[in-house]
Amino acid sequence: MMASLLSLLNDYTLQNVMAGAALLGLISGVLGSFAVLRRQSLLGDTMSHAALPGVCLGFIIAGGRHMGSILVGALVTGALAALTMLLLTRLSRLKTDAALGIALSVFFALGVVLLTHIQGTHNASQGGLDAFLFGQAAATLRADVWIMAGITAIALTLVAVLWKEFKLVTFDAEFAASQGMPVVWLEALLTMMVALAVVVGLQMVGVVLMAAMIIAPAVAARQWSRRLESMVTLAALIGVAGGVLGALLSALSRGLATGPLIILSVSAVVLLSLALAPGRGLVWEALRLWRGRRRLRQQQVLTTLYGLAARHEDPVFRSEQGLIDSYHGLRTRTALRKLERRGLVEWGEAPPGEPGPSRRWLLTPAGRAEAERVLASLHEEGA
Amino acid sequence: MTLPLHEPDLALHVEDLTVSYHSKPVLWDIDFDVPPGVMAGIVGPNGAGKSTLIKSVLGLVPTVAGHVRLFGLPYRSHRRRVGYVPQRSSVDWDFPTTALDVVTMGLYGRLGWLRRPGRRERDEAMAALEQVGMADLAGRQISQLSGGQQQRVFLARALVQQADVYFLDEPMAGVDATTERAIVDILRRLRDQGKTLIVVHHDLQTVRSYFDWLLLLNVRVIAQGPVREVYTADNLRRAYGGQIALLDEAGRLAGEGDAS
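First to last, the sequence lines map onto chains A and B. As numbered in our numbering, residues 1 to 383 make up the first sequence, in order. As numbered in our numbering, residues 384 to 643 make up the second sequence, in order.
This is how it looks when you write it as structure tokens:
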């Protein structure tokens, strides 16, 4: 196993694929963080689908599968789709989601039409163009990797240089504008850089699954981080790890598509993060809910005992189990046991000569104090 | 480049300002002046254009007509003299950052391009947090702050701007009584230092005690001037129009005010 892994890592093609996947994870993790925080997750989806007509136009204009013109084409139509979406929301009464949906479907439909047109003209080198739908990582050349590295470097430099501007525009665009920042340009730049990430992802995961690459690492990272700095860093790491893992899995399994495996790897991290992240995860949330309910149940039982004692003007009034159950309409033995363990109630003897069960529940002095505290805090909240 | 001064003795001078949204006027021909060193309230019914007025003064929404001067100059030429507290609900408080970091954002404009906030900015932000009584919570996630605490953070972010004119959009909306008192105290202290405060406010009951200058707004200017002269039952009725319940309440309040 180890030996086969090592020989795999020496494989030239796999090196290219892994480098490309890592670069894709890096750029989409960083830019996706901003997109997700700006609630523009779906913009990535629209722009990646809209890259398809650009790919086809690049192919037609260059007269073949020429990487440079295909990438430029993807960049142009992706940006055009974003612009269309912006104009639609500005000039019409359409809401953002509808505008995104319209831009996505129109551009993607156009792309599919162009794709079938190219296939219909029986161009000899048409083979592999439909690979841009779902990606074809194995076809990644060293030259492609260099292009991807260049684009990633540009995007990361911009983010580093304009860090505080991007942060403020993402958090509070109006305040940024009131301080004189060119908010429209900064937002446009952030959006256009998503198009750069899409271009990097074309070869690896294709236009259909690219949106997941933008959204997933950022969503996962958000679960674990308390600052934008750590979120962006973590999203980049998750993206890189997911990319490399997907590439390796695909190489080991022989024949399973790399792009979807990358997306699945990253999605696994998302699911884990959504479930487990401390403070924000679902498991954590459920645990907190359950704990809260249990504590509330105990408090209710305790105040019931307190109320009974008060009504009988006997601080050590002894209540039967059945009586407490009927007060709450359900079984309270578990809650009472827990309270007993906390030293708040006692499972004492019934008063001599009284009919009924021989053991009863009564409050301890600590239990009385606790019940009074609970009741007082309830009154405070009510006020 | 020197610009000719226009009404330099006024902290804020708004003339003929009109703003429309989809051909429906939101603000119509607004003339509005605020002298320096007062705490001015902008009051009016829902949809009167109160927030829009502040935003158009700050150049955040496009205007159809009119002009705005701050101490005689357009806003663009001296942003550093202006502080802004947007509505608390205008941002997503689930953003991953701390209270201190949000306050530091108030200094980004002064820092300019490429420079990053350092120790000096950090200390200034801490001092502002202390002023609003939030120093203990400087490192707290903003999503874990209560509404009142979030409002204080926003106020601190404006305080570090060290401005001469502050625009505040409903700073007392949805905060507890303690926070409201604290905010009013801070605003009064600023006014006593000679700063000008222009506050969008929604609670008619507190207008007389909080403000010394008042603009009653309902798309048009209903009345403006010293609060004693403007806050009358008649003016309130004209501003709030058909809102009957409010009208009675306002009439009663203004009546009480006149008697005292």
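Glycine included, C-beta positions come from ideal geometry on N, C-alpha and C. Quantities reported herein were computed from a predicted structural model and do not represent experimental measurements.
Judged by DSSP in its simplified three-state form, valine 610 of chain B adopts helix.
Proximity of chain A to phenylalanine 478 of chain B at the Cβ level (cut-off 8 Å) is accounted for by Leu37, Thr170, Phe171, Leu228, in chain order. Note that the segment 486–500 of chain B does not touch the segment 244–264 of chain A; fewer than 3 beta-carbon pairs, one per stretch, sit closer than 8 Å.
Taking the Cα of leucine 436 of chain B as reference, the smallest distance to any Cα among B:Val590, B:Glu612, B:Phe550, B:Gly624 is reached at B:Phe550. In this structure the segment 538–548 of chain B touches the segment 475–492 of chain B; the number of beta carbon pairs closer than 8 Å is three or more. Excluding residues up to 5 positions away in sequence, Leu453, Phe454 lie with their Cβ nearer than 8 Å to the Cβ of histidine 461 of chain B in the same chain. Secondary-structure assignment with DSSP links methionine 422 of chain B through a beta bridge to B:Leu580. Relative to proline 53 of chain A, the option among A:Val30, A:Phe108, A:Arg90 whose CA is nearest is A:Phe108. Between the segment 12–22 of chain A and the segment 59–75 of chain A there are fewer than three C-beta pairs closer than 8 Å, too few to call the two in contact. Contact of tyrosine 404 of chain B with chain A is not assigned, every C-beta pair being separated by 8 Å or more. For glutamate 174 of chain A, the closest Cβ of chain B is nearer than 8 Å.
Straight-line spacing of the CA atoms in leucine 115 of chain A and alanine 98 of chain A works out to 26 Å. Using a Cβ-Cβ cut-off of 8 Å, threonine 446 of chain B does not count as an interface residue toward chain A, since no Cβ of chain A sits closer than that to its own. According to the DSSP assignment, glycine 466 of chain B belongs to the beta strand (DSSP E) that extends over 465–468. Among the residues of the segment 185–202 of chain A, none has a Cβ less than 7 Å away from any Cβ of chain B. With a 10 Å radius around the Cβ and a threshold of 16 neighbouring Cβ atoms, histidine 584 of chain B comes out buried.
For glycine 348 of chain A, the pairing in a beta bridge is given by DSSP as A:Arg360. Of all residues in the segment 77–107 of chain A, none places a beta-carbon less than 7 Å from a beta-carbon of chain B.
The beta carbon of glutamine 470 of chain B sits closer than 6 Å to those of Asp552, Glu553, all from its chain and outside the five residues before and after it, given in chain order. Judged by DSSP secondary structure, asparagine 429 of chain B falls outside any alpha helix (DSSP H); it is assigned neither H nor E. Between glycine 432 of chain B and leucine 410 of chain B, the C-beta spacing is below 8 Å. Taking the beta carbon of leucine 443 of chain B as reference, the chain A residues within 8 Å of it are Glu174, Ala177, Ser178, listed in sequence order.
With fewer than three CB-CB distances shorter than 8 Å, the segment 177–188 of chain A does not count as touching the segment 228–244 of chain A. Put simply, of A:Ala369, A:Ser41, A:Leu362, A:Phe175 the residue whose alpha carbon is nearest the alpha carbon of alanine 195 of chain A is A:Ser41. DSSP, reduced to helix, strand and coil, places glutamate 398 of chain B within a strand of the structure shown.
At a cut-off of 4 residues, the continuous stretches assigned as alpha helix (DSSP H) that sit fully inside the segment 88–153 of chain A are 96–120, 131–134. A distance below 6 Å between beta-carbons, with the five flanking residues on each side excluded, links alanine 197 of chain A to the following residues of its chain, in chain order: Ile27, Ser28, Leu31.
Taking the beta carbon of valine 161 of chain A as reference, the chain B residues within 9 Å of it are Trp496, Leu497, listed in sequence order. Taking C-beta atoms as the reference points, methionine 148 of chain A and glycine 20 of chain A count as a pair closer than 8 Å. Three or more beta-carbon pairs separated by less than 8 Å link the segment 260–273 of chain A to the segment 214–223 of chain A, which places the two stretches in contact. Taking 8 Å as the threshold, the shortest C-beta distance from arginine 564 of chain B to chain A does not fall below it.
Counting only residues of its own chain and dropping the five nearest sequence neighbours on each side, serine 48 of chain A has a CB closer than 6 Å to the CB of Val198, Val207, Met210, Ala211.
For the segment 496–525 of chain B, residues whose beta-carbon sits nearer than 8 Å to a beta-carbon of chain A comprise Trp496, Leu497, Arg499, Pro500, Gln524. The C-beta distance from glycine 135 of chain A to valine 205 of chain A rounds to 4 Å, short enough to meet the 8 Å contact threshold. Nearest in C-alpha terms to tyrosine 623 of chain B, of all of B:Val613, B:Leu520, B:Leu599, is B:Leu599.
At a C-beta separation below 9 Å, tyrosine 549 of chain B has no neighbours in chain A, since its nearest C-beta there lies roughly 11 Å away.
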